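To start, the structure under review is shown below, and the notes come after it.
In the working numbering, the protein residues as written are 1217 to 1317.
Shown next, in the form of structure tokens:
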């Protein structure tokens, strides 16, 4: 996000980043964060509304892509995908690779 317009406390920003990251990784809609806010704020960090936490999504996506690229460089990768031709199309993509160990 544009850090200039946000709080200057780095610990608070990291807490908000990690909270957003956790919600995304768990598959929990970000708007549910508003329901969990009282519980999450018991760690003595204030949490902004879910609409503002969405500003962290591009940074989280960039970090995940950098991690994937770092892990996959020089690897053989298999990617399979399938989709439907129905009105409400569903697409499934699976990537597989083997670690060096």
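Glycine is no exception: its CB is placed at the ideal position from the N, C-alpha and C atoms.
These figures come from a predicted structure and were not determined experimentally.
Pull up the distance between the alpha-carbon of residue 1261 and that of residue 1290, whole angstroms please.
Locating residue 1261 in the chain shown gives position 45, counting from the first residue. Locating residue 1290 in the chain shown gives position 74, counting from the first residue. So the two alpha carbons sit approximately 41 Å from each other.
Under 8 Å, with one C-beta from each stretch per pair, do the stretch 1296–1309 and the stretch 1266–1276 reach the 3-pair mark?
Because the criterion of three Cβ pairs below 8 Å is not met, the stretch 1296–1309 and the stretch 1266–1276 do not touch.
Below 8 Å on the Cβ atoms is my contact criterion, and I expect residue 1288 with residue 1313 to pass it. Report the Cβ-Cβ distance as a whole number of Å.
If you number the chain shown from 1, residue 1288 lands on position 72. If you number the chain shown from 1, residue 1313 lands on position 97. Yes, they are in contact, since the Cβ atoms of residue 1288 and residue 1313 sit about 6 Å apart, within 8 Å.
Is it buried or exposed, residue 1315, if we count other Cβ atoms within 10 angstroms and call 16 or more buried?
Within the chain shown, the letter at position 99 stands for residue 1315. Classification for residue 1315: exposed.
With a cut-off of 8 Å on the beta carbons, I'd call residue 1232 and residue 1255 a contact; round off their distance for me.
Start at 1 with the first residue of the chain shown, and residue 1232 comes out as number 16. Start at 1 with the first residue of the chain shown, and residue 1255 comes out as number 39. No, residue 1232 and residue 1255 are not in contact; Cβ-Cβ is about 15 Å, not under 8 Å.
Would you kindly work out how many angstroms separate the C-alpha atoms of residue 1225 and residue 1265, rounded to a whole number?
By one-based count along the chain shown, residue 1225 stands at place 9. By one-based count along the chain shown, residue 1265 stands at place 49. Approximately 17 Å, taken between the alpha carbons.
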